[in-house]
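Asker:
Residue numbers (my numbering), protein chains in the order written: chain R, 1 to 119; chain S, 1001 to 1883.
#1: Would you grab the beta carbon distance between residue 1028 of chain S and residue 1064 of chain S for me? Rounded to a whole angstrom, and I think it's under 8 Å.
#2: Is there contact between the region 1710 to 1721 of chain S and the region 1397 to 1411 of chain S, where contact requires at least three CB pairs shorter than 8 Å?
#3: Output needed in chain order: residues of the region 33 to 61 of chain R with a Cβ under 7 Å from some Cβ in chain S.
#4: Give a yes or no on contact between the region 1732 to 1749 of chain S and the region 1313 to 1333 of chain S, applying the rule of three or more CB pairs nearer than 8 Å.
#5: For residue 1741 of chain S, report the span of its alpha helix (DSSP H) as first-last.
#6: Name, please, each residue of chain S whose Cβ falls closer than 7 Å to the Cβ of residue 73 of chain R.
#7: Going along chain S in order, which residues have a C-beta closer than 7 Å to the C-beta of residue 30 of chain R?
#8: For residue 1243 of chain S, is the classification buried or exposed, using 16 other Cβ atoms within 10 angstroms of its Cβ as the cut-off for buried?
#9: Secondary structure at residue 1477 of chain S, three-state DSSP: helix, strand or coil?
#10: Flag this pair as yes or no: are the beta carbons of residue 1067 of chain S and residue 53 of chain R separated by less than 7 Å?
#11: In chain order, what residues of the same chain have a beta carbon less than 6 Å from the beta carbon of residue 1239 of chain S, not counting five sequence neighbours either side?
#12: Any beta carbon from chain S within less than 7 Å of residue 96 of chain R's own beta carbon?
#13: Compare the Cα-Cα distances from residue 1660 of chain S to each of S:1831, S:1446 and S:1582 and report the closest residue.
#14: Tell me where the alpha helix (DSSP H) around residue 1116 of chain S begins and ends.
#15: In whole angstroms, what is the alpha-carbon distance linking residue 100 of chain R and residue 1485 of chain S?
#16: Should residue 89 of chain R be flagged as near chain S, meaning a C-beta pair shorter than 7 Å?
#17: With 7 Å as the limit, tell me which residues of the region 1067 to 1093 of chain S have their beta carbon closer than that to any beta carbon of chain R; keep them in chain order.
#18: With a 10 Å radius around its C-beta and 16 neighbouring C-beta atoms as the bar for buried, classify residue 70 of chain R as buried or exposed.
#19: Using a beta-carbon distance cut-off of less than 7 Å, what residues from the region 1044 to 1066 of chain S approach chain R?
#20: Between which two residues does the alpha helix (DSSP H) holding residue 1336 of chain S run?
#21: Measure the alpha-carbon distance for residue 1529 of chain S versus residue 1148 of chain S and round it to whole angstroms.
#22: Is residue 1021 of chain S close to chain R, meaning its C-beta is less than 7 Å from at least one C-beta of that chain?
#23: Does the beta carbon of residue 27 of chain R come closer than 7 Å to any beta carbon on chain S?
#24: Would you report the Cα separation of residue 16 of chain R and residue 102 of chain R, rounded to the nearest angstrom?
#25: Since residue 84 of chain R meets chain S, which of its residues come closer than 7 Å, beta carbon to beta carbon?
#26: Quick one: what's got a C-beta closer than 6 Å to residue 1358 of chain S's C-beta in the same chain, skipping five residues either side?
#27: What are the start and end residues of each continuous alpha helix (DSSP H) run of 4 or more residues lying completely inside the region 1209 to 1264 of chain S, in chain order?
#28: Using only CA atoms, which one of S:1138, S:1146 and S:1155 lies nearest to residue 1169 of chain S?
#29: Quick one: Cα of residue 1480 of chain S to Cα of residue 1491 of chain S, how far?
#30: Please name the residue in S:1401, S:1499 and S:1367 whose C-alpha comes closest to that of residue 1781 of chain S.
#31: Rounded to whole angstroms, what's the CA-CA distance from residue 1176 of chain S to residue 1191 of chain S? Just pull it up for me.
#32: Would residue 1027 of chain S pass as an interface residue toward chain R - the criterion being a Cβ-Cβ separation below 7 Å?
#33: Count the other CB atoms, across all protein chains shown, that sit within 10 Å of the CB of residue 1087 of chain S; report buried if there are 16 or more and exposed otherwise.
#34: Bridge partners of residue 1662 of chain S, per DSSP?
#35: Just grab the DSSP bridge partners of residue 69 of chain R for me.
#36: Tell me the rounded alpha-carbon separation between residue 1024 of chain S and residue 1818 of chain S.
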């Protein structure tokens, strides 16, 4: 999908995707992007330019909690190294918001599906 | 952790921006690094991976940061705005509560800001000169002569200027009055004479023209003058250039060579400046003020050492420098040092009032919190985090604080303006401005926010801890009373009482001191006396006989005015200044070198002065017309201090004195009781009076005593006409009555004593209403319990006594703490420099504390009475009604 088309589609659903990506466990920014890529089967690749503003917005709104943690990586040169990364996790409010967005999405998609069938 | 972060979010975004920025930066770098790691794991080389990651992320880093910044700021502002709106709505709904708090807060802040404005204008704002901290006032002291400030002698100044190493520049000046003539007659205008380098020291330049040159600043120099901006506008229309305008001063024509800028005011209120025109050969006395600018890096101590070195180095040719020594004061101290102790006391007093007000408000908010408990618990139940609740309540306090602060500041400034309007003229230097500056604004904001925090934080914290379940189960409008809350209220009231005790004791002490000073015998009768001063121009009246003749004629004409009992003249009236001299006293105990050699106050008067001033003759007689008129008829009158000092236990009449190393001995013909020449709360000096005939002068004050039925100020116009008819070139200066002058001399003491007393009254009101509120609240809380007790047979009297007792216990504890604090303060009061304010009243004086305690106890009883009476009248049936 071309980047610009992707952006337009993303606008309304980025929040939902991020919340869903974090449903199982906390992740850092890159991890969230990769998870979204994974669960949408490659349809959406979220760039940092969209990702981080959204993450911070959702943190301010109280849906996400951020804290610094470590990631261990395997570099060819040495054994495991740890990197610092900022991890985001869902708050109880965030979980509720995820449910709300899911319901809303289903309503919308049902409505549009009906509309498309109508003609 | 989470809660704290949520409440802190807006503050963090506002105040910890660098940290937030760094955090974001690190997060983005971490993303970039992890991306690179991914690529490396996928087979790319480290270099390529880094470059690719940088391309992917790096290009948009700034944009991302900008967006995040905006998002966070948006949330913050939203949050704050929402809090404010909700708070405003809540406060409006509780109008009674809000108004009470606002009124109390406004009064507390009003006093604080007004007093701070005074303190700020006098002591914090820089003097209106470049680098004012370098400017100092130079003077000389002579403890042996009993003089702290002798003033500067020109020879000393010349040597200091030439040989010092510590100053960028030194200049001297002398304030006087100039008789300026115009078509409409003569005016006496405040003026000054200064050396040619005065402006260099001050680092100021005339706005038009120039100052004096060195060659103009010598005896018999050219007649040139510099005028002030006001005079330039008034008399000459304010043209932009000087073109030969002149000014007629003391019957001589002076050419105007310069105009000073608009805000220039040095020394205080001078409007015209002439060159000092003295030379080092002029060894006759000390009378100059010195001002100097320190070199950067030189302290006053070092400068003083340097100056003393120069000063004492003159001793071989100028022996008197053994007795005199130079002194250095910060320039500000010379101007307004006298007000410092009073300013500090006022600041302390008003600070106490503010604290009491805050305690009061905290109590109100606490008590209020209990009835809002249900509302708060509902909020909590609906999911509002405790954080939000605290922030909400805090915002309410801040809003109250802000509005109260604005109101209070307005009130304070209004009050200040009123106070300044009542101030007699020339009490404070002309450069003191009371307009608002950033310091004042900062202070007001700090005080408002600080007060809001003081009275808002604790109640907000405890209100947010309301137990949800018990709140809802209890039902009704009240929360189960918490003993913690009642204890807090009691603590607050106790604190209020303690603070008020200290303030009240201070007020009583100062009032006692004021009354003590007021009752001092001034040594003369101030009622029904008109006085003004005149100066005879030297050019027109060069010979002593001419001066004498003019003044005697002037006085003769005065006696023809209606209602005049006595008319006389004097070199200076009481409270009119110091003029000192040294005398040889025949028959006095011999003096050894190094003995105290007090300077003698000298007054030159006309016969009839003693009667006109209503002075008290203790021995001998007052002056006659013949005294001093010819050789052999010289006579002087001394005061009691003089006689006691030089002829202890003897009769002074008939003894003789003369000027130090003078030729002619003068007989003492009379002794008067001491006159408070320097102020009612000042010491008198040994004084000598002699007649004008013996020592003619060109500048005198005319003194006129009127009969009991004639108001002295009614004669001013008549006297002015007289003077004008005798010589239109001579102006009448500063006509006033002695009563006014006496009152003016007491103005500062009267003002600060009054203000502290007013603050004490305010504190009493606050404590009284606070106590009333707290007792009413506790009674309200225990209504059911009281009703049951009455139903069970308790007498009304017992209930009354119980409630009263509780109130009094709190009051007594507060009083105890207050008295102890007051005594502790009294012990260290020496370090505040308040001895002159207390004027001998002992700060440990038990009567004062007894009075303060009694007054406060009375207030406490009254405040507790009404709610106690109401409690005792609770009907037993209320036990069922009240839950």
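Each residue gets a CB set at the ideal place from its N, CA and C atoms; glycine is no exception.
Answerer: Inspection of the coordinates gives the following:
#1: 7 Å
#2: no
#3: 48, 49, 52, 53, 56, 57 and 60
#4: no
#5: 1738 to 1745
#6: 1037
#7: 1031, 1034 and 1035
#8: exposed
#9: The predicted position of residue 1477 of chain S is uncertain, since its pLDDT is 45 and thus under 50; a value taken from the coordinates is nonetheless stated next. Residue 1477 of chain S: coil per DSSP, three-state reduction.
#10: yes
#11: none
#12: no
#13: S:1582
#14: 1095 to 1119
#15: 42 Å
#16: no
#17: Answer set for the region 1067 to 1093 of chain S: 1067, 1068, 1071, 1072 and 1075.
#18: Using a 10 angstroms sphere on the CB of residue 70 of chain R, the tally of other CB atoms stays under 16, which defines it as exposed.
#19: 1057, 1060, 1063 and 1064
#20: 1331 to 1336
#21: 32 Å
#22: no
#23: no
#24: 7 Å
#25: 1030
#26: In chain order, 1451, 1454 and 1455 place their CB closer than 6 Å to the CB of residue 1358 of chain S, counting only its own chain and leaving out the 5 sequence neighbours on each side.
#27: 1229 to 1236
#28: S:1138
#29: Since pLDDT at residue 1480 of chain S reaches only 49, below the 50 mark, its modelled position is unreliable, and no value is offered.
#30: Ranking the options by Cα distance to residue 1781 of chain S, first place goes to S:1367.
#31: 5 Å
#32: yes
#33: buried
#34: Beta-bridge partners assigned by DSSP to residue 1662 of chain S: none are found.
#35: R:85
#36: 54 Å
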